[in-house]
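Take 129 as the starting number for the sequence shown in the working numbering and just add one per residue. Every residue, glycine too, gets a C-beta built ideally from N, C-alpha and C. Note that the structure is a prediction, hence the values are computed from the model and not measured. Shown next, in structure tokens, is the structure this report addresses.
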Amino acid sequence: MSKIYYHKSLAPDELIGRINFQTGKIYLTRFGPDKIVGRVNLENGKVYRTQLGLDEYLGQINLNTGKVYAHHLGPDEYVGRVEQDGKLYRHVPLGVDEYLGKVTEMQTLAEGGAAILLVLFPPKDDTAASE
129 MSKIYYHKSL
139 APDELIGRIN
149 FQTGKIYLTR
159 FGPDKIVGRV
169 NLENGKVYRT
179 QLGLDEYLGQ
189 INLNTGKVYA
199 HHLGPDEYVG
209 RVEQDGKLYR
219 HVPLGVDEYL
229 GKVTEMQTLA
239 EGGAAILLVL
249 FPPKDDTAAS
259 E
């Protein structure tokens, strides 16, 4: 079981989620039962957000380079990268990439990509803005 930590400046990193390596399911850690927020296909690196009905495709991770791409209409957008040691970074155009956190006990880069897309840098929810 991989654990997702959010980086806090001048404080210990906060445990905010976990990934089940056998199933690829991603959970948010909270008081009470953990909430399933999505899943990752560990063979091809595609990440999906769990919702009522069909799961929503969010993006994918290149399993060779560790680069994470968010799905958009048109070409996918490069949003971050995962290193072999589990460190996660958000891409900053024309700047130094921002350290987001880490994934401990990571078995494959796909787990780190799922952590970036679903937990640390989640997509904007269009339905919340309309309510």
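In whole angstroms, what separates the C-alpha of THR236 from that of ILE147? Along the sequence shown, one-based indexing puts residue 236 at 108. Along the sequence shown, one-based indexing puts residue 147 at 19. Distance between the alpha carbons of THR236 and ILE147: 11 Å.
Is the beta carbon of LYS163 less than 7 Å from the beta carbon of LEU156? Against the sequence shown, residue 163 aligns to sequence position 35. Against the sequence shown, residue 156 aligns to sequence position 28. Yes. Within cutoff.
Assuming ALA198 is part of the alpha helix (DSSP H), what are its boundary residues? For the purposes of this step, residue 198 is taken as residue 70 along the sequence shown, with counting starting at 1. Here ALA198 belongs to no alpha helix (DSSP H); instead the beta strand (DSSP E) covers 195–198.
Status (buried if at least 16 other CB within 10 Å, exposed otherwise) for GLU239: Your numbering for residue 239 matches position 111 in the sequence shown. Buried, since its Cβ has 16 or more Cβ neighbours within 10 Å.
So what does ARG167 bridge to, in DSSP terms? Along the sequence shown, one-based indexing puts residue 167 at 39. ARG167 is bridged to LYS153 and TYR176.
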